[in-house]
Amino acid sequence: MNSDVPSLIFALSDRLVDAAVANSPLLGTFIGVPGHDHRWDDLSPAGADRSAALWRETQAALDALTPQDEADELAKRVILAHCDEQLEAWAAGDHLIELNSIVSPAQMFVMAFDVMPMATPDERERVISRLEGLGLACKAYRESLEAGRLLGRAVARRQVLAAMEQCRAHAGETSFFLSLPGRFGPLSDADTARTSAAVTAARQAFGALADYLESSYLPSATDHDAVGRERYLRAMRRHLGMRGEPEELYAWGVAEVLRIEAQMRAVAADIRPGATVAEVIHALQTEPAYCAATADEFIALIERCEARALERLDGVHFDVPPLARQLLIKRAPPGAGPIGAYYLAPSADFSRPGGVYYQLEKDTGIPTFDEISTAFHEGFPGHHLQIATQIAQADRLSRFQRLIASNTGHAEGWALYAEQLMHELGFLDRPEYVLGMYVGQLMRALRVVVDIGLHLELPVASEFGAGGVWSFEAATRVLEERGFMTPDNARSEVTRYLGWPGQAIAYKIGQRVILGLRDERRGALGPAFDPRPFHASILNVGSVGLDLLAEWVRRG
2 MNSDVPSLIF
12 ALSDRLVDAA
22 VANSPLLGTF
32 IGVPGHDHRW
42 DDLSPAGADR
52 SAALWRETQA
62 ALDALTPQDE
72 ADELAKRVIL
82 AHCDEQLEAW
92 AAGDHLIELN
102 SIVSPAQMFV
112 MAFDVMPMAT
122 PDERERVISR
132 LEGLGLACKA
142 YRESLEAGRL
152 LGRAVARRQV
162 LAAMEQCRAH
172 AGETSFFLSL
182 PGRFGPLSDA
192 DTARTSAAVT
202 AARQAFGALA
212 DYLESSYLPS
222 ATDHDAVGRE
232 RYLRAMRRHL
242 GMRGEPEELY
252 AWGVAEVLRI
262 EAQMRAVAAD
272 IRPGATVAEV
282 IHALQTEPAY
292 CAATADEFIA
302 LIERCEARAL
312 ERLDGVHFDV
322 PPLARQLLIK
332 RAPPGAGPIG
342 AYYLAPSADF
352 SRPGGVYYQL
362 EKDTGIPTFD
372 EISTAFHEGF
382 PGHHLQIATQ
392 IAQADRLSRF
402 QRLIASNTGH
412 AEGWALYAEQ
422 LMHELGFLDR
432 PEYVLGMYVG
442 QLMRALRVVV
452 DIGLHLELPV
462 ASEFGAGGVW
472 SFEAATRVLE
482 ERGFMTPDNA
492 RSEVTRYLGW
502 PGQAIAYKIG
512 QRVILGLRDE
522 RRGALGPAFD
532 PRPFHASILN
542 VGSVGLDLLA
552 EWVRRG
């Protein structure tokens, strides 16, 4: 769309973003569209019905519109796919079982405050209003959980216990909410008193949610972790945007694990001849020569890596939008999330830059061997380039696609591809950084095997030892023995898979699709293959399902 007058489909997209944000203030907060940051979503069954009505009305309106060009066609298909996903989930009653350890309202209620600005009086007022309203938001959420419970659809006990523990923490003396007043700056006595009362109210809201989960919900929870084939196939379609046979993906995942393990053994031998991979990784995690001395030194190292990559690759392998050249590298607020790195997208107008945030396990002796590839995954040329490119394309992509549409397979597939690409281009310039990349790639391959195996209750592949079907215990053992994870991390990881079916496989499957498309393009063009237009074809289409991505890239 290059006209100053938007098409009917683009105009509908503009209105849809406003309607979606009004319906889901949390969505508005995360995508940086202002106007509703003082409110919460209505997570009751009635609220879910209103959301479904919005998507049905959108479907009907789009069905009456004819695309005028390729941009229109893409916009229509992306919005309709999103409507289909939302309505399928609503019809299946997913809003009644939205409780897990990682990405349910129990976590989103807290994550919202991570991205809310708090510098001005108006911004602080919105934060305080949200804190004060959290009790009603949790009450509406409990209504949906209770409706699911009464229908005999309580989620697995393991997920209830994990969410309950988190709620207790947010209600207790180490609550994340207690850190918020310190981010406000100087306040008047009246504002201090109101803020303190709001924080207390938020903690009480989480305490009440934890009490409900323990006393009312938990007794109805099932001990059965797997979601079964029907729900898993639906989750696969949502996360991948493609249809496939999980058994084929499972077998491919097993082969990928074995392939990556062979590469790891070769690199480990270069680092420390005669040592096992596990021994080399232990050395990289503990020896001072392989660690940043302080948190500040660690952040500075990541900043240098990102700046070097941007300087050398912009205009050669990628076309970086000018507004996307700023990338924040920061420590995450203490206690705001699990150990590791995560990316937060820029706001719609780039007034809030994109950023990679690190929740560090400790302040000194920070291992770096696996953090360089992670920086490229989360920052440039991974998620930051991908999402910032999408947001910046107002002339090509509809507002809905730029700000709301998201496909896990495309997003995480690109980020994992970016890690491998940076290795191919020589940016992982120390063998320990290469091994760190392989550790991450191995983890994503194991996710394919474990996630599918768990939810479909498949037999444990002979390559992983003991027989029987996949279970929580078998999966944690494999992640400890083959994924080099601590017992606590392995248990947390498997709990995540069980509560978020289909998401864990998206990284490696998405990478597989992108590498396959690159092989196709390279095979067709031979020596004339140019990575820059290929990468543009992957990024410029925005976040779409993997089947639609392949179709669009093959168009040329």
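So that you can map any letter, position 520 of the sequence shown is 521 in the working numbering, and since no number is skipped, the others follow by simple counting. Glycine included, each C-beta is placed from N, C-alpha and C at the ideal position.
Close beta carbons around residue i, own chain, < 6 Å, minus the five adjacent residues each side
{"i": "G383", "result": "F377, A416 and A419"}
{"i": "R309", "result": "none"}
{"i": "I10", "result": "L66, D73, A76 and K77"}
{"i": "S538", "result": "V554"}
{"i": "Q512", "result": "G414, L417 and Y418"}
{"i": "T477", "result": "A491, R492 and V495"}
{"i": "A206", "result": "L135, G136 and C139"}
Inter-residue CB distance, residue i and residue j (contact presumed, cutoff 8 Å)
{"i": "I405", "j": "P347", "result": "About 15 Å; that fails the 8 Å criterion."}
{"i": "G341", "j": "Q360", "result": "6 Å"}
{"i": "Q394", "j": "A412", "result": "Incorrect: roughly 16 Å between the Cβ atoms, too far for contact."}
{"i": "A462", "j": "V449", "result": "Their Cβ separation, rounded to whole angstroms, is 11 Å, which puts A462 and V449 out of contact at 8 Å."}
{"i": "L457", "j": "R230", "result": "6 Å"}
{"i": "L311", "j": "A507", "result": "Between A507 and L311 the Cβ distance is about 26 Å, and since that is not below 8 Å, they are no contact."}
{"i": "A172", "j": "G134", "result": "In fact, because the Cβ distance is near 17 Å, the residues do not count as touching under 8 Å."}
{"i": "Y358", "j": "A333", "result": "4 Å"}
{"i": "L234", "j": "L152", "result": "Not really, about 21 Å apart at Cβ, beyond 8 Å."}
{"i": "G275", "j": "N408", "result": "With a Cβ gap of about 45 Å, G275 and N408 do not count as contacting."}
{"i": "A296", "j": "L302", "result": "In fact, because the Cβ distance is near 11 Å, the residues do not count as touching under 8 Å."}
{"i": "T223", "j": "R158", "result": "7 Å"}
{"i": "L459", "j": "Y251", "result": "6 Å"}
First and last residue of the uninterrupted beta strand (DSSP E) at residue i
{"i": "A62", "result": "Counting along the chain, A62 falls outside any beta strand (DSSP E), though it belongs to the alpha helix (DSSP H) covering P46 to D64."}
{"i": "L329", "result": "L328 to R332"}
{"i": "A294", "result": "C292 to T295"}
{"i": "Y233", "result": "Looking at the DSSP string, Y233 is not in any beta strand (DSSP E); the run it does join, the alpha helix (DSSP H), is R230 to L241."}
{"i": "L345", "result": "G341 to L345"}
Best match in the options for proximity to residue i [C-alpha to C-alpha]
{"i": "R522", "options": "W553, E494, I506 and T496", "result": "W553"}
{"i": "T287", "options": "T375, P35, T369 and L214", "result": "T369"}
{"i": "W471", "options": "T487, V495, A290 and Y344", "result": "V495"}
{"i": "S8", "options": "L75, L480, E89 and D430", "result": "L75"}
{"i": "D226", "options": "S216, Q87 and L455", "result": "L455"}
{"i": "A82", "options": "R533, D192, R238 and V514", "result": "R238"}
{"i": "I282", "options": "R131, S374, L398 and M486", "result": "M486"}
{"i": "D42", "options": "P26, L518 and F473", "result": "P26"}
{"i": "R143", "options": "A92, S217, L132 and L88", "result": "S217"}
{"i": "P122", "options": "I300, P182 and R353", "result": "P182"}
{"i": "A47", "options": "R131, L146 and V18", "result": "L146"}
{"i": "A53", "options": "M109, D15 and A93", "result": "A93"}
{"i": "R326", "options": "R332, S352 and Y343", "result": "S352"}
{"i": "E89", "options": "E246, V317 and A236", "result": "A236"}
{"i": "V228", "options": "R154, S176, T175 and H385", "result": "R154"}
{"i": "S45", "options": "G427, G468, V317 and E99", "result": "E99"}
The alpha helix (DSSP H) enclosing residue i, as first and last residue numbers
{"i": "V22", "result": "L9 to N24"}
{"i": "I272", "result": "P247 to I272"}
{"i": "Q69", "result": "That residue, Q69, is in no alpha helix (DSSP H); it is neither H nor E in DSSP."}
{"i": "T193", "result": "D190 to Y213"}
{"i": "G524", "result": "A507 to L526"}
{"i": "Y498", "result": "P488 to G500"}
{"i": "A395", "result": "Element bounds for A395: n/a, residue is neither H nor E."}
{"i": "P534", "result": "P532 to L540"}
{"i": "R40", "result": "Note, R40: premise wrong, no alpha helix (DSSP H); not H, not E."}
{"i": "V545", "result": "Per DSSP, V545 belongs to no alpha helix (DSSP H) and is neither H nor E."}
{"i": "T287", "result": "V278 to T287"}
Cutoff 7 Å; reference residue i; Cβ partners in own chain excluding five residues on either side
{"i": "W501", "result": "N101, I103 and V104"}
{"i": "T30", "result": "D38, A113, V116 and M117"}
{"i": "M119", "result": "R125, V128, R184 and F185"}
{"i": "P68", "result": "I10, E74 and K77"}
{"i": "L314", "result": "P382"}
{"i": "A446", "result": "G254, E257, V258, I261 and K509"}
{"i": "G519", "result": "According to the sequence provided, residue 519 is Arg. The question's Gly does not apply to it. The residues are F535."}
{"i": "D371", "result": "G437, V440 and G441"}
{"i": "A551", "result": "V514 and L518"}
{"i": "D271", "result": "P432"}
{"i": "E307", "result": "L328, I330, A376, G380 and F381"}
{"i": "N24", "result": "R51, S52 and L55"}
{"i": "I373", "result": "C306, L429, Y434 and G437"}
Contact set for residue i: own chain, Cβ-Cβ below 8 Å, skip 5 residues either direction
{"i": "A202", "result": "L132, E133, L135 and G136"}
{"i": "A279", "result": "F485"}
{"i": "D548", "result": "G242, M243 and R244"}
Quick check on the DSSP output: what are the complete beta strand (DSSP E) runs of length 3 or more inside the region 402 to 474, in order along the chain? none
Counting only runs of 4+ residues fully inside the region 94 to 159, write out the alpha helix (DSSP H) ranges in chain order. 106 to 115 and 122 to 151
Taking the runs of the alpha helix (DSSP H) that are 4 residues or longer, which of them lie wholly in the region 354 to 382? 372 to 379
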